[in-house]
Structure formats: C-alpha cells, structure tokens
Amino acid sequence: MNFTISKRASTLSMILIGVGVLATVAGVLGDHSDHHQRTWSALLVNGFFFFGIGLGALFFYSLQNATETAWSVLVKRVYEAVMGWIPVGAIVMVVVLAAGSMGLHHVYHWMDASLYVEGPNYDPIMAGKKAFLNQPFFWVRTLAYIGTFVFAARWFRKKSLEMDGLTGESLVRTHLLTYRRGALFLVFFAVFSSTLAWDWLMSIDAHWFSTLFGWYVFSGMWVSAMITGVVMVLYLKRKGYLPQVNNSHIHDMGKWVFAVSFLWTYLYFSQFMLIWYSNIPEEVTYFQQRINEHPGLMWTTFFINFAVPMVLLMSRDAKRNPRFLIGVGTVIFIGHWMDINMIVMPGAVGHHFHGLGLLDAGLFVLFLGAFIRVVLGTLAKAPLTPVNHPYLEESVHHSI
Amino acid sequence: MANKVIYAVYDDPEQLKDGARKLVSSGIKVKDVFSPFPVHGLDPIIGIKRTRLGIVSFMFGITGTALAVLGIWYFNIYDWPMNIGGKPSFHYYQNVPAFIPVTFEFTVLCAAHGMAITYLIRNKTLPGLPARNPDPRTTDDKFIMEVRTADNHGHSSEEIAGLLRQTPVTEINERQC
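Taken in sequence, the protein lines are chains A and B. Under my numbering, read the first sequence as residues -12 to 387, first letter to last. Under my numbering, read the second sequence as residues 207 to 383, first letter to last.
Have a look at this one:
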C-alpha cells in the first residue's frame, strides 16, 4: 500500500511554515545583537536538531541492518523517510558553518585568525589547539561527515527499494550486503558522531572540553529520532495505514524511547558529576555559566528529559497507549530541542541570551513544517511496507 | 471416576500454539505448558494472567533507593560529616550528585536480587527443590501441554485425547493423579 499525503497534513505543514516565517521575521527584527549573532545561533540550534533526527534515524536503521533485527522490518520505510531529511539538514548546517567561516557571525570564536598570531588578540590556549581547530581541517572533517551521511542514506534507501523487486537468492544476497554495510557504517558513525559534536557544538565554547560530550549529543539525537519514528507510525496507523503493525511493534518502539532516554540521562549526569566533583576551573566554567545565568532552562531540560520518560513511560500499558505515547513523546521531543539550545546559546550569544523567545519558537515551527513536508514526501515515494525482505514474515508475526 | 492428567507432546512451538487454540476454543482449560524456551504469544491463548513480577521488581527497587538514601544520609551527613574534595557535607542536597551512583547501584542490586529470589520462591524452583517437570525432554526439544480432567468437568479423558489427535500432536501420555 502506498501513502498519499492528506490535504490536511499538507495544509498544516504549510501553515507551520507560514507561521514560522512570520515569527522568525518578527524575531530577527527584534534581534539587536552584534552581527545578528542571536539569529545565527537559533538557526544553528534548529538546523542541528533536525539534522540530528535524520542522523539518529540513519544510525538506528543501520543498527537494525547490522543486527539483522526482524521486528522492525515492517516499519523500516518510516526510518528511511526520516533519513530523507539528511540532505536538507546538511545544507542548513553548511550555510551556518560557511557564514561563520566568512565572518558573517561569531558563533565560532576560534575561527578568528588573529587569535593564533602574536599580537593583541593572541590566545595561547587557542594557539595550542591549532593543530585540530583550524579552518581547512575543520572543513575537511565537516565535508567528510556530510558526504558520508548523505551517501549512506541514499545507498541504504536505494538497496531497500531494490529489494522490493527481488526474490530468492538475489534477495538474500542483497540483504546480506546491507547487513555488512550497516556494520561498516556504524564504524564510521562511532567516530563521526563524537567528532561532529566537538566540531559543530563543543567548539562554540572553544576553551572548554569534555570527552563525554560527543556521546551525550549523540544520545539526544537518537531519542529524538526514536520519538519521531514512533509518532509517525502511530499517525500512519490512525490514518488506516500499516495494518500489520500490531501492539507489540508499538510497545517495542516505546521501549526504545524509554531506554534511550536513560542513555541520555546517564551520559548527561556522568558529564556533569565528573566536572562538578573535580571542580577544575577550566572545566567547570561551562556549568557555572549555565547554572548561574539560566538555571530554569538547565533544570527544566534535565527534568523533562529524565523524569518524564522515567515516571510516565515505565509501565507496559503506557507504552501501548497511542495517545499517551504521542503526548509524552512530544514533551520529550521539545525537551531535547531545549537541550540543544542549552548547549549552544550561552556560549554563542553570552549575555545577550535572555531565554528562549519568539525567534526560537518561530524557527522551530518553520523547521518542523519543512521537516514534515520532506519526510512525508519521501514516505509517499515508495510502498509503505517492504514488499520483499527475508525477515518480513517474522516481523508480521512479532509478538512479545 | 479417577482424575487423569494428559500430556500432549509437540515438536514445534507454533504447532503447540495451534493445538492450544483448538482446545481452548472447544471449552477445555489447559493447565500448563512445559517448553525449553519461552513461547511468545502463548500466555493469552491458554489464559495465563499477566505476571506481577514487574511490580515486585519496582517495589524492591524503591526499597533499595530508600535504604541507600537513608544509609548515606546517616553515615556521611548525620553521624560523621566528611569533607571530600573540598565539599563539606552538612546537608544531603549539597552533595547529592556524589551520592547518585551508589544510590543507583543499590537500587539495581535490590531490584535484581529481589526479583530473582521472588521468582524462584514463587515457582518453587529454589536450588535443591525437586523438579516438577513431567518429562525431561521438555528441557531439550519437546513442547508439552498439560490438561487435567479435574479442571474440565463434563469432558472425559477420551474426548480430550480425541480433540488433541486432531492437532499436530506427536504423542499423548495419560497418567492417574
């Protein structure tokens, strides 16, 4: 069965984009920071957050391939559709980073070349990091990440569509190829997920460093992707699509949201506790600034992303209740968006950041509308459930 | 009439599920199933109530959390406040990040041990207790369904055996009890 975008979904996404554009324009007019730093930072936050959802889906998809997981075969097209956002998200990231390189904004303080030469701006700490944090090497890395992700997403999608027309031995051969490539991609992703977080987010606070940072950002992307997946499946089921997806599939996807929320909490807390305990000035500045200047944002984010899934998604019935799952999922989704704001804003905007406002909400809504259009558009291009897959039968009979 | 136990032996879990469905739809109560591994989707067919082990585990976990918090507060705050890493311990909340890992570990310890021991006691499978398995082959590759005539008044053992023979059963054993 093929998916067609309903008129309502199409109108809704256009309304979201329209409202987003208006709110963003109003927000930009109210942005009096130097070089529109506040606007560029908000663009980075939303660009990265939605790009991260695409990456989370790509990671989960290759994880399912590499582990030859059977139950998720029925819903694999949903994750392929979310992966369809990766090229668009990549363009936004490149625009923001290139603007930084050209000096249109100063989100990335280290991009200022005068820090590295003897003179009034000379910064010995930055000079010590020059081997890694220099523009040519930064761009080589950035293009390598984006190239790998765009290529991998397209390749997996191509093979998945190819398998629809195959049977017998050639089907198994293609399946085993995606299995090996899934494992290979995970090797790249293991490195890139950490280094891209250092390059694009941690380097905003260029004097500060944390080895856990990459995993922490990665786990946030992963939860957001799992929420997006389960909400989309529930939406499709409500519309009468995916009749073979049963309660057990929904339950398993709910478990992923629950479990990955604790991976996030674990990494967030581990990073916080080690820095809090050792209390070394160069490490503790990051949390000093956030706790002292934005305690509300910091603690709300932690509370939403930890306590809400812990208390509300623990029971089995909660994970099998579509409305409840969508409600809790939406709250955690916004919590992880706030988390990215918390990572970026205090470092990038500093004292001009007075909490989230119209600009942030507007850009979020704008990106959400565009994301829905692109993802549903990708979803409509192929049969909603794979036609041929070695584990399709097993997935249909999934029962826990 | 003496009560009888009927053991129906199957080679395959799916065939056993089909057999159980057939019996239950004919109004016969299946007492239990013995299998080498958990058969997914079997419980609702033979009408086994959902396990409450999760609730037990949660209770043990909460107990662990409470004990850990109480213990840490008593040892490190109330009885003998210690200055560790320049962090004076006069209030629990001031040092709570340092106490989270041990609280978490103690919660997991209590939940896991409590759950495992409850499971063993409830199933009467503590180490040393006699096995209640009717046929050792169910620990290898056979699936056995147990039907008791005592649970099924109005159905004779011949009638039940006749119904069983219509399913892909490999052998039927009867025993007095």
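Heads up, the beta-carbon is just placed ideally off N, CA and C, and yes, glycines get one too.
Out of the options, which has the shortest C-alpha to C-alpha gap to residue i?
i: A:Leu346; options: A:Ser(-7), A:Gly17, A:Ile40 and A:Gly314; result: A:Gly17
i: B:Phe312; options: B:Val275, B:Val375, B:Trp286 and B:Tyr299; result: B:Val275
i: A:Gln231; options: A:Gly90, A:Leu371 and A:Ser88; result: A:Leu371
i: A:Met80; options: A:Gly106, A:Leu183 and A:Val12; result: A:Leu183
i: A:Val159; options: A:Leu379, A:Trp286 and A:Ala357; result: A:Leu379
i: A:Tyr166; options: A:Met150, A:Ser181 and A:Pro268; result: A:Met150
i: B:Arg343; options: B:Leu369, B:Ala272, B:Phe243 and B:Glu220; result: B:Phe243
i: A:Trp209; options: A:Ser147, A:Lys224, A:Phe138 and A:Trp324; result: A:Trp324
i: A:Val69; options: A:Ser211, A:Val83 and A:Thr135; result: A:Ser211
i: A:Phe47; options: A:Phe35, A:Arg64 and A:Ser197; result: A:Arg64
i: A:Asn(-11); options: A:Ala305, A:Lys226, A:Val336 and A:Gly337; result: A:Lys226
i: B:Met321; options: B:Ile366, B:Gly270, B:Ile234 and B:Glu364; result: B:Gly270
i: A:Leu31; options: A:Val336, A:Leu3 and A:Glu381; result: A:Val336
i: A:Phe172; options: A:Gly207, A:Phe136 and A:Trp187; result: A:Phe136
i: B:Val369; options: B:Gln382, B:Asp346, B:Cys316 and B:Val353; result: Checking the sequence shown, residue 369 of chain B turns out to be Leu, not Val. Comparing Cα-Cα distances from B:Leu369 to each of B:Gln382, B:Asp346, B:Cys316 and B:Val353, the minimum goes to B:Val353.
i: B:Ile251; options: B:Phe296, B:Arg258 and B:Val239; result: B:Val239
i: A:Ile387; options: A:Val6, A:Val75, A:Ala305 and A:His238; result: A:His238
i: A:Asn67; options: A:Arg303, A:Met213 and A:Leu164; result: The question names Asn, yet the displayed sequence has Glu at residue 67 of chain A. Residue A:Met213 is the option with its Cα nearest to A:Glu67.
i: A:Ser20; options: A:Leu355, A:Leu353, A:Phe340 and A:Ser(-3); result: A:Phe340
i: A:Ile73; options: A:Phe36, A:Val15 and A:Val383; result: A:Phe36
i: B:Pro219; options: B:Gly247, B:Lys293 and B:Ile327; result: B:Gly247
i: A:Ala8; options: A:Phe351, A:Pro373, A:Pro107 and A:Val374; result: Looking at the sequence shown, residue 8 of chain A is not Ala but Val. The shortest C-alpha separation from A:Val8 is found at A:Phe351.
i: A:Gly207; options: A:Gly43, A:Ser28 and A:Thr26; result: A:Gly43
i: A:Gly87; options: A:Ala139, A:Leu299, A:Lys(-6) and A:Ser190; result: A:Ser190
i: A:Thr129; options: A:Val75, A:Trp185, A:Ile112 and A:Arg168; result: A:Trp185
i: A:Pro333; options: A:Ser28, A:Met301, A:Asn308 and A:Pro377; result: A:Ser28
i: B:Asp346; options: B:Arg338, B:Ile323 and B:Ser241; result: B:Ser241
Give the interface partners of residue i over in chain B, defined as CB-CB distance under 8 Å, in chain order.
i: A:Met197; result: Before going on, a small fix: residue 197 of chain A reads as Ser here, not Met. Correct list: empty, because the minimum Cβ distance to chain B is about 16 Å.
i: A:Ile387; result: His246
DSSP state of residue i, grouped into three classes?
i: A:Asn(-11); result: strand
i: B:Asp238; result: strand
i: B:Lys228; result: helix
i: A:Pro370; result: strand
i: A:Met285; result: helix
i: A:Lys226; result: coil
i: B:Val198; result: With chain B covering only 207 through 383, there is no way to say anything about residue 198 of chain B.
i: B:Val173; result: Residue numbering for chain B in the displayed model covers 207 to 383; residue 173 of chain B lies beyond these limits and cannot be assessed.
i: B:Gln382; result: strand
i: A:Met301; result: coil
i: B:Lys293; result: strand
i: A:Met329; result: helix
i: B:Lys330; result: coil
i: B:Met351; result: strand
i: A:Lys117; result: coil
i: A:Tyr255; result: helix
i: B:Lys255; result: coil
i: A:Val94; result: coil
i: B:Val275; result: helix
i: A:Val62; result: helix
i: A:Val104; result: coil
For a contact meaning CB atoms closer than 9 Å, what does residue i contact in chain B?
i: A:Asn266; result: Gly291, Gly292 and Lys293
How would you list, in chain order, the residues of chain B whose beta-carbon sits under 7 Å from the beta-carbon of residue i?
i: A:Phe256; result: Ile306
Kindly list, in the order they appear in chain A, the residues whose Cβ is closer than 9 Å to that of residue i.
i: B:Pro336; result: Residues of chain A passing the Cβ test: none, with the nearest at roughly 32 Å.
Please compile the residues from chain A whose C-beta is within a distance smaller than 8 Å of the C-beta of residue i.
i: B:Pro303; result: Phe256, Phe259, Met260, Trp263 and Tyr264
Hey, residue i and residue j are a contact pair by Cβ (cut 8 Å); roughly how many whole angstroms apart?
i: B:Thr355; j: B:Lys237; result: At roughly 10 Å, the Cβ-Cβ gap does not stay under 8 Å, so B:Thr355 and B:Lys237 are not in contact.
i: A:Leu363; j: A:Ile(-8); result: 5 Å
i: A:Ile319; j: A:Ser248; result: 7 Å
i: A:Leu102; j: A:Tyr109; result: 7 Å
i: A:Leu244; j: A:Val217; result: The question names Leu, but residue 244 of chain A in the sequence shown is Val. Right, the Cβ-Cβ distance comes to about 6 Å (below 8 Å), so this counts as a contact.
i: A:Leu366; j: A:His236; result: Between A:His236 and A:Leu366 the Cβ distance is about 17 Å, and since that is not below 8 Å, they are no contact.
i: A:Ser49; j: A:Phe143; result: 7 Å
i: A:Leu254; j: A:Leu199; result: 6 Å
i: A:Ser59; j: A:Arg360; result: Not quite, the Cβ-Cβ distance comes to about 25 Å (not below 8 Å), so this is no contact.
i: A:Leu188; j: A:Val204; result: 6 Å
i: B:Pro303; j: A:Met260; result: 5 Å
i: B:Thr376; j: B:Asp217; result: 6 Å
i: A:Met285; j: A:Met329; result: 6 Å
i: A:Trp251; j: A:Asn292; result: 6 Å
i: A:Thr161; j: A:Lys146; result: 6 Å
i: A:Phe256; j: B:Ile268; result: That pair is no contact at about 20 Å.
With contact counted as at least three CB pairs below 8 Å, one residue from each stretch, are the region 222 to 237 of chain B and the region 357 to 374 of chain B in contact? yes
Would the region 212 to 230 of chain B and the region 84 to 102 of chain A be scored as touching if the rule is three or more Cβ pairs under 8 Å? no
Quick one: any contact between the region 326 to 339 of chain B and the region 279 to 290 of chain B, if contact means 3 or more CB pairs under 8 Å? no
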